[in-house]
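> Numbering-wise (numbering that gives the first Met the number 0), the sequence shown opens with residue 0 and increments by one.
The C-beta atom is built at its ideal place from N, Cα and C for all residues, glycine as well.
Just dropping this structure here.
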Amino acid sequence: MYISKPIVQPEIDRMRRRNLLISFLAAATALIGCASLASAEERIFTDAAGRKVALPEKITRVMAAGPPASVLLYSVAPERMVGWVREFKDDEKAFIAATYRDLPVHGRLTGKGDTANMEAVLAMKPDIILDVGTVNPTYASLADKVQEQTGIPYVLIDGTFANTPKSLREIGELLGEKEQAEKLAAYTEAAMQRLDKVVAEVPADQRPRVYYGRGPEGLETGLADSINMEVLGAVGATNVAEAAGKGSLANVSLEQILSWNPDVILTLSPKFQKSVLSDPSWAGIKAVKDGRVFRAPALPFGWFDAPPGVNRAIGISWLTSALYPGKAQIDLKAETRDFYKLFYHVDLTDEQLGKLLADTGSKP
């Protein structure tokens, strides 16, 4: 019969130290494993400002920082949206898919009249914040500040019109929505190529000089280098307000507009369109004399501007039709149906189509 020897205190102490060491090593191994897993679940994305942003591997909730980002996100991945930057009016809602039109309103972080605060951002619990538009040190600094305050990755995407196909593909890659993004990018590229062909056939001296009037009074416009005026340049027209200098949006006077004497006046406002055509103060302008005061469709988003986002992809077809009647072989009704189905996820009725194109100067 085997009789075990009694365990003395020194041996007990050694056993305790060994067990503590084993426990420590196990805990350290677990922590290293967790850190490795976290690292594996993150990826680095270099945004348009050159910022290195660590993103979660799976992105299911995205917050748009401003209107252009909101439209882009809705077009590519509406199911990822945590909400809208503003509340829709009743007539706008009809042009948004029912599933998404009543999402929460969280306000905007960037641009004119920012309305969101850090508490609102955190309450939405987004995986990332997406901003699309002008990229410069000011917006990069804002992105860094918001990211530091919230701990939420903040990505900047170049929103210039010429960059639209690339922006769409970047978002598709970012969110794992490559197929949808490619459809949108291909559509936009085809529209741009068709436009380029039409403009190339119009002599420079036959391309119109245009004034774009924003708001019900029409005395706000975009200056040279304004992102809001990019579509005008794309269709080969001249922005008469470039005479007022470089910048973004600015207020001008009627006297300035009279001196510029544009061939065409564009607006999004039915009120301004009506007043221009009836107010004697505007009667001497060539655009008014010739009846070339065109209102861009604006439901649910502006076709020319408001916001300066991917919504402008349909605007170039409309504007080409309005500025160069007979030059562009565009079935605008069919084009509009295709765009709204692809980008806005809605099938337009004949009534909606008529409402969009009424009094816009288009030649469907």
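Are the CB atoms of residue 339 and residue 94 nearer to each other than 8 Å?
A contact, by the Cβ cut-off of 8 Å.
> Once DSSP output is grouped into helix, strand and coil, what is the label at residue 211?
strand
> If you draw a straight line from the C-alpha of residue 173 to the C-alpha of residue 325, how long is it?
41 Å
> So, using beta-carbon positions, are residue 263 and residue 294 closer together than 8 Å?
no
> For residue 233, which of 91, 51, 192 and 305 has the nearest alpha-carbon?
192
> Work out the CA separation of residue 106 and residue 114 for me, nearest whole Å.
5 Å
> To the nearest angstrom, report how far apart residue 349 and residue 197 are at their CA atoms.
Their backbone Cα atoms lie some 28 Å apart in a straight line.
> Find out if the Cβ-Cβ distance for the pair residue 208, residue 163 is shorter than 8 Å.
no
> Nearest-angstrom Cα distance between residue 45 and residue 304?
28 Å
> CB-CB under 8 Å to residue 100, same chain, minus the five flanking residues each way: which ones, in chain order?
87 and 92
> Can you give the Cα-Cα distance for residue 204 and residue 283, rounded to whole angstroms?
22 Å
> Count the other CB atoms, across all protein chains shown, that sit within 10 Å of the CB of residue 150; report buried if there are 16 or more and exposed otherwise.
exposed
> Which residues does DSSP list as the beta-bridge partners of residue 153?
Its beta-bridge partners are 128.
> DSSP has residue 42 in a bridge; who is on the other side?
54
> In three-state terms, what does DSSP make of residue 76?
coil
> So, with DSSP's three-state summary, where would you put residue 348?
coil
> Is residue 248 helix, strand or coil when you go by DSSP?
strand
> Hey, residue 259 and residue 210 are a contact pair by Cβ (cut 8 Å); roughly how many whole angstroms apart?
6 Å
> Considering only the alpha carbon of each residue, which of 102, 332, 72 and 337 lies closest to residue 169?
72
> Apart from the five residues on each side of it in sequence, which residues of its chain come closer than 8 Å, Cβ to Cβ, to residue 143?
50 and 153
> Going by the beta-carbon positions, is the gap between residue 66 and residue 84 smaller than 8 Å?
yes
> Please list the segments of the beta strand (DSSP E) lying wholly inside the stretch 273 to 347, counting only runs of 3 or more residues, in order along the chain.
292 to 294
> Would you call residue 178 buried or exposed, if buried means 16 or more other Cβ atoms sit within 10 Å of its Cβ?
exposed
> Return the CA-CA distance between residue 286 and residue 256, expressed in angstroms with no decimal places.
11 Å
> Taking the CB atoms as reference points, tell me whether residue 228 and residue 221 lie closer together than 8 Å.
yes
> Could you tell me the distance, in whole angstroms, from the CA atom of residue 245 to the CA atom of residue 131?
21 Å
> Excluding the 5 residues preceding and the 5 following residue 141 in the sequence, name in chain order all residues of the same chain whose CB lies nearer than 7 Å to its CB.
109
> What does a CB cutoff of less than 7 Å around residue 119 pick up in its chain, not counting 5 residues either side in sequence?
If you ignore the 5 residues before and after residue 119, its C-beta comes within less than 7 Å of the C-beta of 105 and 106, all in its own chain and listed in chain order.
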